[in-house]
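Engineer:
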Amino acid sequence: MKVLLVGSGAREHIIAEQLSKSSELYSIMPKKHPGIASLSEETLVHDPTDSAVVGQWAKEKGVALVFVSPDGLLEKGVTDTFSDLGIPVASPSKSAARIEWDKSYARNLMKAKEIPGCPRLKVVSSLEEAREFVSELGEVAVKPIGLTGGKGVKISGEHLNSEEEILGYCSKLIEQDGSVLIEERLEGEEFTLQAFCDGNGLALMPPVQDHKRAFEGDEGPNTGGMGSYSTGKLLPFMEQKDLDDAKGIMQRTLMEMKNEGNPFTGILYGQFMLTRDGVKVIEFNARFGDPEAMNVLILLGTELSEVFLSMANGKLCPVSFSNECTVVKYLVPEGYPLEGKADQPVTVDEEGLWNKGVKLYLGSVYEKEGVTYTTTSRTAALVSKAETRQEAENAVESAISLVSGPLWHRKDIGTDELISRRMEHARRLKQ
Ligand code: AMP
Ligand code: GLY
Numbered sequence: 052m053k054v055l056l057v058g059s060g061a062r063e064h065i066i067a068e069q070l071s072k073s074s075e076l077y078s079i080m081p082k083k084h085p086g087i088a089s090l091s092e093e094t095l096v097h098d099p100t101d102s103a104v105v106g107q108w109a110k111e112k113g114v115a116l117v118f119v120s121p122d123g124l125l126e127k128g129v130t131d132t133f134s135d136l137g138i139p140v141a142s143p144s145k146s147a148a149r150i151e152w153d154k155s156y157a158r159n160l161m162k163a164k165e166i167p168g169c170p171r172l173k174v175v176s177s178l179e180e181a182r183e184f185v186s187e188l189g190e191v192a193v194k195p196i197g198l199t200g201g202k203g204v205k206i207s208g209e210h211l212n213s214e215e216e217i218l219g220y221c222s223k224l225i226e227q228d229g230s231v232l233i234e235e236r237l238e239g240e241e242f243t244l245q246a247f248c249d250g251n252g253l254a255l256m257p258p259v260q261d262h263k264r265a266f267e268g269d270e271g272p273n274t275g276g277m278g279s280y281s282t283g284k285l286l287p288f289m290e291q292k293d294l295d296d297a298k299g300i301m302q303r304t305l306m307e308m309k310n311e312g313n314p315f316t317g318i319l320y321g322q323f324m325l326t327r328d329g330v331k332v333i334e335f336n337a338r339f340g341d342p343e344a345m346n347v348l349i350l351l352g353t354e355l356s357e358v359f360l361s362m363a364n365g366k367l368c369p370v371s372f373s374n375e376c377t378v379v380k381y382l383v384p385e386g387y388p389l390e391g392k393a394d395q396p397v398t399v400d401e402e403g404l405w406n407k408g409v410k411l412y413l414g415s416v417y418e419k420e421g422v423t424y425t426t427t428s429r430t431a432a433l434v435s436k437a438e439t440r441q442e443a444e445n446a447v448e449s450a451i452s453l454v455s456g457p458l459w460h461r462k463d464i465g466t467d468e469l470i471s472r473r474m475e476h477a478r479r480l481k482q
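Going by this note's numbering, the sequence shown opens with residue 52, and the numbers climb by one from there.
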């Protein structure tokens, strides 16, 4: 089967690897990603939103299935380009991806349908309304309505240190977007739950914990995610009930979307927080997480192209995962996330990685004359799976020096020290 993958990055690199195991891979990307290109029969380096050109190319190549990966392309309706041509697609339509690109849609759906796990919130479009709601809530999270690459949310007490700063940020977003989402500030441990969806039902992937803050000890600005770990069916601070509650919320959301004539086919990503009042929804995304895709796809026991085809056909097949632990750490350019240093050459000791059994997936890089260069964003992810989290973490750390370039990473992700802190935090909240 010929399968077309649209998008590029480390998340797409592992998707490409999984798809190419059992199908002929074609890829479309805006800049040449050497990892995905080398796994593909053919690659079109072109703007994926140019629907006439990419649609024609897919037809010419005779692709039987398409997967559009990144949020930005889902928002622009790239899925619809292919479905309008009658090609089966395993990613959400522009309308279904609204669950991610319009935070007010997601929150209003939860409120209107009384889906559990929704924090107190309001979408406001004037500074007066913002002032009133902020004084009612006290501690808040201020969120832009649209996509921001995970970097637009600001939390009082962390990024916003006075009412003046909170209202200043609200006012900036109102000016920019016309409105802003204000939510009660939740406290707890976050986890990611991803699911394959066919418009009706879902198949869950193992839960993962991502690390959004740039620096060790969860300090510094938010990033797209510096690394993540998984530990089989549950994370160390979770109970089965937490997982069941989160799954129930995702199932309800899918059902409500279907009932309003907006069925969701694709990867539904739930960002949850385990609080003292149970599981709450931080946000939904309409795609795999990056880095979380790497934690789960490395454990996948079913052919990904088979799963995608079954989603596109509206009849999800059974999906299996191995029960190992995984650790992912991102290497990022000097200066990331504020001013990542672009256009720096990066080299990888492939043989060394092979010997250690650690996988590398290239992120936001591009290739020119056979050399791989950084962009301002995350460069490459190192991924390991093992019986224990400690083994996986050690393997990744021991492989860091096999990637050369002006890069840095968070050493604490997946370590005993950080995870004990998280468990202690969850325990304190539950008491
Ligand atoms: P988002 O882009 O919505 O995933 O938010 C980025 C990060 O902001 C999340 O991963 C959380 O750590 C934090 N966050 C978002 N909403 C809230 C909230 N209501 N309370 C506390 N933290 C939040
Ligand atoms: N790692 C967070 C995200 O993909 O949104």
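Where a beta carbon is used, it is the ideal one built from N, C-alpha and C, also for glycine.
1) Would you list the one or two residues that DSSP bridges to Trp459?
2) Go through its chain and collect everything with a Cβ distance to Ala67's Cβ below 8 angstroms, but skip five positions before and after it.
3) Do Gly414 and Gly60 come within 7 angstroms of each other at the CB atom, strictly closer than that value?
4) Please go through the region 182-240 and give each complete alpha helix (DSSP H) segment of 4 or more residues, from N-terminal end onward.
5) With distance defined between alpha-carbon atoms, name the residue in Val447, Ala265, Ser452 nearest to Val409.
6) With respect to 6 angstroms, is the separation between the Cβ of Ile206 and the closest non-hydrogen atom of the ligand AMP below this value?
7) Go ahead and label Asp122 buried or exposed: buried means 16 or more other beta carbons lie within 10 angstroms of its beta carbon, across all protein chains shown.
8) Can you list, in chain order, the stretches of the beta strand (DSSP E) that have 3 or more residues and sit fully within the region 420-461?
9) What are the start and end residues of each continuous beta strand (DSSP E) run of 3 or more residues lying completely inside the region 313-338, in chain order?
10) Enumerate in chain order the residues of its own chain whose CB-to-CB distance from Pro503 is below 6 angstroms, with the five nearest sequence positions on each side excluded.
11) Apply the 10 Å Cβ neighbour rule to Ala163 and answer buried if 16 or more other Cβ atoms are within range, or exposed otherwise.
12) Using 8 angstroms for Cβ pairs, my map puts Val347 next to Met256. What's the rounded Cβ distance?
13) Pick out the complete beta strand (DSSP E) segments inside the region 106-140, 3 residues or longer, and give them in chain order.
14) If you draw a straight line from the alpha carbon of Arg478 to that of Ser361, how long is it in whole angstroms?
15) Buried or exposed: which applies to Thr398, given that a residue is buried once 16 or more other Cβ atoms fall within 10 Å of its Cβ?
16) Going by the beta-carbon positions, is the gap between Ser155 and Ile196 smaller than 7 angstroms?
17) Does DSSP classify Gln395 as helix, strand or coil?
18) Expressed to the nearest angstrom, what Euclidean distance is found between the alpha-carbon atoms of Lys331 and Leu136?
19) Does the region 388-402 come into contact with the region 169-179, if we say contact requires no fewer than three beta-carbon pairs (one atom in each stretch) closer than 8 angstroms?
20) If we call anything under 7 angstroms between Cβ atoms a contact, is Val104 one with Lys83?
21) On a Cα-Cα basis, can you pick out the residue from Met80, Phe247, Gly239, Thr426 that is closest to Lys481?
22) Among Gln395, Tyr417, Ala337, Thr430, which one has its Cα closest to the Cα of Val379?
23) Just to confirm before moving on: does the CB-CB distance between Leu125 and Ala148 stay below 7 angstroms?
24) For Thr94, which beta-bridge partners are listed by DSSP?
25) Using a threshold of 6 angstroms, is the CB atom of Asp269 nearer than that to any non-hydrogen atom of the ligand GLY?
26) Suppose the cutoff is 6 angstroms on Cβ atoms and the five residues either side in sequence are ignored; what does the same chain contact list for Gly73 look like?
27) So does Ile150 have its beta carbon nearer than 6 angstroms to some heavy atom of the ligand AMP?
28) Leaving out five residues before and five after Leu286 in sequence, what residues of the same chain have Cβ atoms less than 6 angstroms from its Cβ?
29) At a cut-off of 6 angstroms, is Glu334 close to the ligand AMP when judged by its beta-carbon and the heavy atoms of the ligand?
30) Quick check: the Cα distance between Phe118 and Ala141, rounded to an integer number of angstroms?
31) Would Arg338 be called buried (16 or more neighbouring beta carbons within 10 Å of its own) or exposed?
32) By the 10 Å Cβ neighbour count, where 16 or more other Cβ atoms means buried, how is Pro384 classified, buried or exposed?
33) Report all residues from its chain with a CB closer than 7 angstroms to the CB of Tyr220; omit the five preceding and five following residues, and keep chain order.
34) Assess contact between the region 309-320 and the region 418-437, defined as three or more Cβ pairs (one per stretch) separated by less than 8 angstroms. Is contact present?
35) From what residue to what residue does the beta strand (DSSP E) around Glu270 run?
36) Please go through the same chain and pick out, in chain order, the residues whose beta-carbon is closer than 7 angstroms to the beta-carbon of Val370, but skip the five residues on each side of it.
Structural biologist: From the atom records:
1) Paired residues: Val383.
2) Only Leu56, Leu76, Ser78, Gly86, Ile87, Leu90, Ser91 meet the Cβ criterion.
3) Yes, the Cβ-Cβ distance between Gly60 and Gly414 is below 7 angstroms.
4) Taking only runs of at least 4 residues, the alpha helix (DSSP H) segments lying wholly in the region 182-240 are 214-228.
5) Taking the Cα of Val409 as reference, the smallest distance to any Cα among Val447, Ala265, Ser452 is reached at Val447.
6) Within the cutoff, so yes.
7) Counting the other CB atoms within 10 Å of its CB gives Asp122 a total of 16 or more, which places it among the buried residues.
8) Counting whole runs of 3 or more residues, the region 420-461 contains the beta strand (DSSP E) stretches 422-425, 431-437.
9) The region 313-338 contains these whole beta strand (DSSP E) runs: 316-326, 329-336.
10) With the chain covering 52 to 482 only, the question about residue 503 has no answer from this structure.
11) By the neighbour-count rule (16 or more Cβ atoms within 10 Å), Ala163 is not buried but exposed.
12) That pair is a contact at about 4 angstroms.
13) List check, beta strand (DSSP E) in window: 116-119.
14) Their Cα atoms are separated by approximately 40 angstroms.
15) Flag for Thr398 reads exposed.
16) Yes, they are a contact pair.
17) DSSP places Gln395 in coil when its eight states are reduced to three.
18) Take the alpha-carbon of Lys331 and the one of Leu136: they are about 39 angstroms apart.
19) Output reads no: the region 169-179 does not touch the region 388-402.
20) No, the Cβ-Cβ distance between Val104 and Lys83 is not below 7 angstroms.
21) Comparing Cα positions, the closest option is Gly239.
22) The option with the nearest alpha carbon to Val379 is Thr430.
23) Yes, they are a contact pair.
24) Per DSSP, the beta-bridge partners of Thr94 are Ser78.
25) The answer is no for Asp269.
26) A small correction: the amino acid at residue 73 is Ser; Gly does not occupy that position in the sequence shown. Within the same chain, and ignoring the five residues on either side of Ser73 in sequence, the residues whose Cβ sits closer than 6 angstroms to its Cβ are Glu354, Ser356.
27) No, the Cβ of Ile150 stays beyond 6 angstroms of every heavy atom of the ligand AMP.
28) For Leu286, the CB contacts under 6 angstroms within the same chain, skipping 5 residues up- and downstream, are Phe242, Pro258, Gln260 in chain order.
29) Yes - the ligand AMP has a heavy atom lying nearer than 6 angstroms to the Cβ of Glu334.
30) Cα-Cα distance, rounded: 5 angstroms.
31) Arg338 should be labelled buried.
32) When all chains shown are included, Pro384 counts as buried.
33) Excluding residues within five positions, the ones whose Cβ falls inside 7 angstroms are Val193, Lys205, Leu211.
34) No: the two stretches stay apart, fewer than three of their Cβ pairs being nearer than 8 angstroms.
35) First-last of the beta strand (DSSP E) with Glu270: 270-273.
36) Cβ within range, chain order: Phe247, Ala254, Thr353, Val358.
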